[in-house]
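Visitor: Encoded as structure tokens, here's the structure I'll be asking about.
Encoded structure:
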């Protein structure tokens, strides 16, 4: 099939055991090159789904494992349109298989993306780091990002990743909502925790992170209570109304585009 005239310039690699197919056409490469030349920060979104391709018998003998369709796409804000860049169908889902797919694409003389978004898959995150940054492991990438956030390295340093990898916001919040402790607390506390996590993700500095985390914890602990918490090291007494007011003020200052909230749910 790979060598048939209809597919020889579309299927770039194919395997039987494990089964996989790497495919994209020349037009997709051309469109991406055009996009990457007209935008300062090319962005790629990579997703995988197991609900498209069904398992089958290879040569009528051996049944495949779960097959995922991997897709890398771009949303062009200037033209207000999105398009698929590359695809892979695979029954192997390790970072080696995924990085091989991505590296094969980058070998076609395309500009690597400077920002990539994906779900919470460790294999996918590791493959993106290996393929698009100067780091060989996800652990090294995370450490450098932490150093950048705490000003251990400057924004002009060589160590700044050449591509920033982001976990999709909706995927992450969905995972958080399934945490066992979240399922056992009152709805108001659950709302506070999940929305606080969302604000933590959107924060731009360590100061914002600490303030949001502290106030969110205080409000959750004092939910519906008339008591106070003593906050060390200065032994500051904080009750729920004070914490709510401080939380509102912080969010309005840091995230002015967010809607105001009622007295029960913080957002």
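Numbering (my numbering), first residue to last: 26 to 292.
Glycine is no exception: its CB is placed at the ideal position from the N, C-alpha and C atoms.
This structure is a prediction, so every number in the text was calculated from the model and none was measured.
Flag this pair as yes or no: are the beta carbons of residue 225 and residue 201 separated by less than 8 Å?
Guide: no
Visitor: Let's test the definition: count the other Cβ atoms within 10 Å of the Cβ of residue 195 and tell me whether it reaches 16, buried, or not, exposed.
Guide: With fewer than 16 other Cβ atoms inside 10 Å of its own Cβ, residue 195 counts as exposed.
Visitor: Under the rule that 16 or more other beta-carbon atoms within 10 Å means buried, what is residue 141, buried or exposed?
Guide: buried
Visitor: On the three-state DSSP scale, how would you describe residue 5?
Guide: The first residue shown for the chain is 26 and the last is 292, placing residue 5 beyond what the model contains.
Visitor: Given this structure, state the Cα-to-Cα distance separating residue 49 from residue 26, to the nearest angstrom.
Guide: Put simply, the backbone Cα of residue 49 is about 15 Å away from that of residue 26.
Visitor: So if DSSP puts residue 82 in a beta bridge, which residue, or which two residues, is it bridged to?
Guide: According to DSSP, residue 82 bridges with 88.
Visitor: Rounded to whole angstroms, how far is the Cβ of residue 71 from the Cβ of residue 149, which I believe are closer than 8 Å?
Guide: With a Cβ gap of about 6 Å, residue 71 and residue 149 count as contacting.
Visitor: Is the beta carbon of residue 109 sitting closer than 8 Å to the one on residue 93?
Guide: no
Visitor: From the DSSP output, read off the bridge partner residues of residue 295.
Guide: This structure cannot speak to residue 295, because the chain is shown only from 26 to 292.
Visitor: Run through the segment 134–163 for me and flag every whole beta strand (DSSP E) of 3 or more residues, listed as ranges in chain order.
Guide: 140–143
Visitor: Residue 107 lies in the beta strand (DSSP E); which residues open and close that run?
Guide: 106–115
Visitor: Give me the Cβ distance between residue 37 and residue 125, rounded to the nearest whole Å; I'm assuming they're in contact under 8 Å.
Guide: Contact doesn't hold; Cβ gap of about 11 Å is too wide.
Visitor: In whole angstroms, give me the CA-to-CA distance for residue 223 and residue 161.
Guide: Taking the CA atoms as reference points, residue 223 sits about 29 Å from residue 161.
Visitor: From which residue to which residue does the alpha helix (DSSP H) around residue 209 run?
Guide: 205–209
Visitor: Starting from the Cα of residue 139, find the closest Cα among 115, 174 and 191 and give me that residue.
Guide: 191
Visitor: With distances taken from CA atoms, which of 44, 34 and 135 is nearest residue 89?
Guide: The shortest Cα separation from residue 89 among 44, 34 and 135 belongs to 44.
Visitor: Give the secondary structure of residue 175 by DSSP, where H, G and I count as helix, E and B as strand, and everything else as coil.
Guide: coil
Visitor: To the nearest angstrom, report how far apart residue 189 and residue 59 are at their CA atoms.
Guide: 21 Å
Visitor: So which of 121, 179 and 175 has the shortest CA-CA distance to residue 156?
Guide: 121
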